[in-house]
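S.K.: Residue numbers (full-length UniProt numbering): 1 to 458.
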């Protein structure tokens, strides 16, 4: 009876939650760099809003941009969402730069708070800088479509031209889908053009300007948006706001997807496993190494990697490990360090400074790895040259006392134990023999030439 009561209560609570969801605006926050953690958080937030049957999702934006792959994942989720998404650049002083501009264009409703801006959506090639922004005429605002803007500088190479043209086509397609200013969107990509909230509203880049969330919901009331293939009229005035903050998973993913940390975790994992292989049974180095290696690989899998960078990092690690087990006077170790540094610098394919690998860190990790490689190799070489002090092999060359002997075999005492032995026929109980070799648990002995002859009775 108690179980039935609990089940009914849970069902009622769930029904109440769904009912409340229909009068709810779920608020998500895009704050900071657009990366794998941000994409994961927003995609899961949109899915939760769909399950709760929320009326709308408000995506509060304040970002300088980020990774192209993560941006596209977010846009795919927005375009596929059955719940209308209102992108809102807020609070005052915020921006929707670079990737944020694309996300704003993809949303069903685009809004900004006063004293905010958007734009500067030019792709930045690796090691380069964006095309020179257009310089507006003195005291004159650019006209809609960017007619008064100065022409952008030409792309430096075919790769940059390809990236810019792809970005232009993408943002123009989003503008056409939402009925917004496609010409200015192209200028934002080609010339890194930017607009304030008032200018964006005047040029049909956004739909409305709102002071805060209640004002936003009030001004979005009655707007008609296209969700999938259907026209939906928004009824947002007075909706209950449900803030969905990033959880521990998002925060952890944001930390480990830093390529510098992921690279360090990868190296700690490799050397942890090396220590475990060199001293089996230690457990701690192996467990720690396996955990760090798996976390590092997971973090790197979430980043846009280059095949050349991955191959060079793996080759460098393999060469440094080979130096430990087959000392080559440092040739393998130095080659591995060079390969590791080059691979780390080429590892992440991004134009976002926050996701670029730090050269000083890579150099430090390479030097530390090289030093550890030589240290471990030296210790391994010393251990191989050291005399064996345990096991059957340690008995070779030692003296043994014959316990009993018949023909060419018998039993001897060595290291406090009784051993089966084979040897010459002249041995007798009480004699001293020298152990020559061992085959399994059988010793091969010979007579001890330096032993005193046995005493004979007078």
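Just so you know, even glycine gets a beta-carbon here, dropped at the ideal spot from N, CA and C.
Could you check whether residue 201 and residue 186 sit closer than 8 Å to each other, using their CB atoms as the reference points?
M.R.: no
S.K.: According to DSSP, residue 232 sits in a beta bridge with which residue or residues?
M.R.: 225
S.K.: Is it true that the CB of residue 234 sits closer than 8 Å to the CB of residue 34?
M.R.: For residue 34 and residue 234, no; Cβs fall outside 8 Å.
S.K.: In or out: residue 441 buried (at least 16 other Cβ within 10 Å) or exposed?
M.R.: exposed
S.K.: Using the DSSP secondary-structure output, state which residues sit across from residue 503 in a beta bridge.
M.R.: Here the chain has residues from 1 to 458 only, and residue 503 is not among them.
S.K.: Let's test the definition: count the other Cβ atoms within 10 Å of the Cβ of residue 248 and tell me whether it reaches 16, buried, or not, exposed.
M.R.: exposed
S.K.: For residue 321, name the three-state secondary structure that DSSP assigns.
M.R.: helix
S.K.: To which residues of the same chain is residue 224 closer than 6 Å at the C-beta, ignoring the five residues directly before and after it?
M.R.: 231, 233
S.K.: Taking only the alpha-carbon atoms, compute the straight-line gap between residue 268 and residue 291 and give it to the nearest angstrom.
M.R.: 10 Å
S.K.: Which one of 349, 352, 342 has the shortest CA to CA distance from residue 360?
M.R.: 342
S.K.: Count the other C-beta atoms from every protein chain shown that fall within 10 angstroms of the C-beta of residue 229, then say buried if there are 16 or more, exposed otherwise.
M.R.: exposed
S.K.: Can we say the segment 58 to 72 touches the segment 349 to 363, given the rule of at least three CB pairs closer than 8 Å?
M.R.: yes
S.K.: So, under 8 Å CB-CB, residue 46 and residue 89 are touching, yes? Tell me the CB distance rounded to an integer number of Å.
M.R.: About 18 Å separates the two Cβ atoms, so there is no contact after all.
S.K.: Can you name, in chain order, every residue of its own chain whose Cβ lies under 6 Å from the Cβ of residue 31, other than the five neighbours on each side?
M.R.: Same-chain partners within the cutoff: 62.
S.K.: With distances taken Cα to Cα, identify the nearest neighbour of residue 199 among 179, 301, 266, 114.
M.R.: 114
S.K.: Which residue comes first and which comes last in the beta strand (DSSP E) that contains residue 88?
M.R.: Where residue 88 is concerned, the enclosing beta strand (DSSP E) stretches over 85 to 89.
S.K.: Where does residue 323 land, buried or exposed, given buried means 16+ other C-beta within 10 angstroms?
M.R.: buried
S.K.: If you draw a straight line from the alpha carbon of residue 41 to that of residue 325, how long is it in whole angstroms?
M.R.: 44 Å
S.K.: If you check the beta carbons only, do residue 102 and residue 80 fall under 8 Å apart?
M.R.: Contact check for residue 102 against residue 80 fails: the beta carbons are separated by 8 Å or more.
S.K.: Cβ of residue 87 within 8 Å of Cβ of residue 69?
M.R.: Their beta carbons are not under 8 Å apart, which means residue 87 does not touch residue 69 by this criterion.
S.K.: Is residue 225 near the ligand COA - that is, is its Cβ less than 7 Å away from at least one heavy atom of it?
M.R.: Looking at this structure, you won't find the ligand COA or any other ligand, since it has none at all.
S.K.: With contact counted as at least three CB pairs below 8 Å, one residue from each stretch, are the segment 253 to 270 and the segment 282 to 298 in contact?
M.R.: yes
S.K.: Since residue 399 sits in a beta bridge, which residues does DSSP pair it with?
M.R.: Bridge partners of residue 399 according to DSSP: 434.
S.K.: In whole angstroms, give me the CA-to-CA distance for residue 204 and residue 105.
M.R.: 11 Å
S.K.: Closest by CA to residue 252, which one among 370, 288, 302, 430?
M.R.: 302
S.K.: If we count the other Cβ atoms within 10 Å of its Cβ and call it buried at 16 or more, is residue 357 buried or exposed?
M.R.: buried
S.K.: If we count the other Cβ atoms within 10 Å of its Cβ and call it buried at 16 or more, is residue 461 buried or exposed?
M.R.: Within the shown structure, residues of the chain are numbered from 1 to 458, placing residue 461 beyond reach of any answer.
S.K.: Taking 8 Å as the threshold (C-beta atoms), are residue 27 and residue 243 in contact?
M.R.: yes
S.K.: Taking DSSP as the reference, what is the three-state secondary structure of residue 445?
M.R.: Three-state DSSP puts residue 445 in a strand.
S.K.: Where do the ends of the beta strand (DSSP E) carrying residue 29 lie?
M.R.: From DSSP, the beta strand (DSSP E) with residue 29 extends over 24 to 31.
S.K.: Determine whether the beta carbon atoms of residue 428 and residue 448 lie at a separation below 8 Å.
M.R.: Going by C-beta atoms, residue 428 is not nearer than 8 Å to residue 448.
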